[in-house]
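Asker:
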Amino acid sequence: MDTSALIVVERHLASCLPHDVPPVHRAVQSAKQVRRGSDTAIYRADLVMFDGLPATVEVSVAGDESVRSESHRWTVMEGGAASFEDGRWQRIREAA
370 MDTSALIVVE RHLASCLPHD VPPVHRAVQS AKQVRRGSDT AIYRADLVMF DGLPATVEVS
430 VAGDESVRSE SHRWTVMEGG AASFEDGRWQ RIREAA
């Protein structure tokens, strides 16, 4: 596993949550940098989610330390979207 990619992914996902909300994932199975452009890097990580299902997230980092932006997208989310409700992570049930 690429330790620097792991740090980027973990830091980014944690930064998206309020301080009292735990991560949506239990573990990172793999993390690596998959693209490096002149001003953007993309990192991909395979995760084990709170309920044991797999997911893959891509984190994009643009700019440098003075002006930096980050975003992420879920490319795989088995079991569907998740939401932190009533003090715990749970899957969002889609209406039929």
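Count along the sequence shown from 1, then add 369; that gives the number in our numbering.
Quick reminder that beta carbons are idealized off the backbone N, C-alpha and C, glycines included.
Fair warning: this is a prediction, and the values are worked out from it, not measured in the lab.
1) Does the pairing of the region 432-447 with the region 456-463 give three or more beta-carbon distances under 8 Å?
2) Have a look at Gly-449, Ala-383, Gln-402, Asp-408 and flag the residue whose alpha-carbon is nearest the alpha-carbon of Val-436.
3) Using a threshold of 8 Å, state whether the C-beta atoms of Val-378 and Ala-410 are closer than that.
4) Determine the direct distance from the alpha carbon of Val-390 to that of Glu-447, and round the result to whole angstroms.
5) Just reading off the alpha helix (DSSP H) that Ile-411 is part of, what are its end residues?
Answerer: Here's the rundown:
1) Because the criterion of three Cβ pairs below 8 Å is not met, the region 432-447 and the region 456-463 do not touch.
2) The count along the sequence shown starts at 1 and reaches residue 436 at position 67. Ranking Gly-449, Ala-383, Gln-402, Asp-408 by Cα distance to Val-436 puts Asp-408 first.
3) Residue numbering aside, residue 378 sits at position 9 when the sequence shown is read from its first letter. Residue numbering aside, residue 410 sits at position 41 when the sequence shown is read from its first letter. No, the pair does not count as a contact, with Cβ atoms beyond the cut-off.
4) For the purposes of this step, residue 447 is identified with residue 78 of the sequence shown, where counting begins at 1. For the purposes of this step, residue 390 is identified with residue 21 of the sequence shown, where counting begins at 1. Distance between the alpha carbons of Glu-447 and Val-390 is about 21 Å.
5) Here residue 411 refers to the residue found at position 42 of the sequence shown. Careful: Ile-411 lies outside any alpha helix (DSSP H), inside the beta strand (DSSP E) at 409-418.
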